[in-house]
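In the numbering used here, the protein residues as written are 3 to 203.
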């Protein structure tokens, strides 16, 4: 009996901050999950070539901010349910500190607060054209998203994700305490109840 050959599609090469996900253009890859992955890749590509660094500098110039404030602010600018992960945002902020464009000072609760420096203001002014182009692309993306998902639901989902992330992971430099058995059961029950209520709406 001749051996049966399985045909595998070669993985798509990741580009930039593309999450390393495949192109998803093969059969059976279309649907809600495929569309969500496609949107995620499109958003991440917006931040290639220092785009996230530029956007973070722009936000810090508006007001000194903590890392998680910036994560939420970037998510609001991008739209949809996207938020940069701490593993993406905090190295970006560290680069800005190393470049002398922002300072990082310990604030209440041990969190770092980031503020722009004169050098950062100069760098932001020099890159104003690139910043305006990036903001325009993000604005267009939000308009497209609004045709697909209600903003109120997007905001609620972002709040949920942030709350769960803080509960499980804590903040950089201040990891969360291990969950007790009672906390695990309570969180699981809350998630199950939320899922049930969503199904019944």
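C-beta: ideal position from N, C-alpha, C; glycine also. As the structure is a prediction and not an experimental result, all values here were calculated from the model.
query, result
"Nearest candidate by alpha-carbon position, reference residue 61, set 162, 122 and 102", "122"
"Straight-line Cα distance separating residue 177 from residue 93", "17 Å"
"Where the alpha helix (DSSP H) containing residue 76 begins and where it ends", "69–80"
"Check whether residue 91 and residue 58 have beta carbons under 9 Å apart", "yes"
"Coarse secondary structure for residue 134, derived from DSSP in three states", "helix"
"Every unbroken alpha helix (DSSP H) inside the region 86–164 [4 residues or more]", "88–100, 120–128 and 130–148"
"Cβ-based burial, residue 75 [other Cβ within 10 Å; buried from 16]", "buried"
"Outcome for residue 155 when other beta-carbon atoms lying within 10 angstroms are tallied against a minimum of 16", "exposed"
"CB contact flag (residue 174, residue 88, <9 Å)", "yes"
"Which of helix, strand or coil DSSP assigns to residue 33", "Reliability of the predicted coordinates at residue 33 is poor, the pLDDT of 46 falling under 50, and the value obtained from them is presented with this limitation in mind. Of the three classes helix, strand and coil, the one that applies to residue 33 here is coil, per DSSP."
"DSSP three-state assignment for residue 172, whether helix, strand or coil", "strand"
"Endpoints, the alpha helix (DSSP H) within which residue 61 is located", "53–64"
"Pick from 158, 133, 69 and 169 that is closest to residue 189, judged by C-alpha positions", "169"
"Rounded separation between residue 107 and residue 95 - CA only", "12 Å"
"Selected residue, minimal CA-CA separation from residue 162, among 143, 197 and 183", "197"
"Residue 25 versus residue 111 - alpha carbon distance", "Confidence at residue 25 is low in this model, with a pLDDT of 34, below 50, so its placement is unreliable and the value that follows should be read with caution. Between residue 25 and residue 111, the C-alpha separation is close to 42 Å."
"For residue 67, the nearest candidate out of 54, 52, 118 and 102 (CA to CA)", "118"
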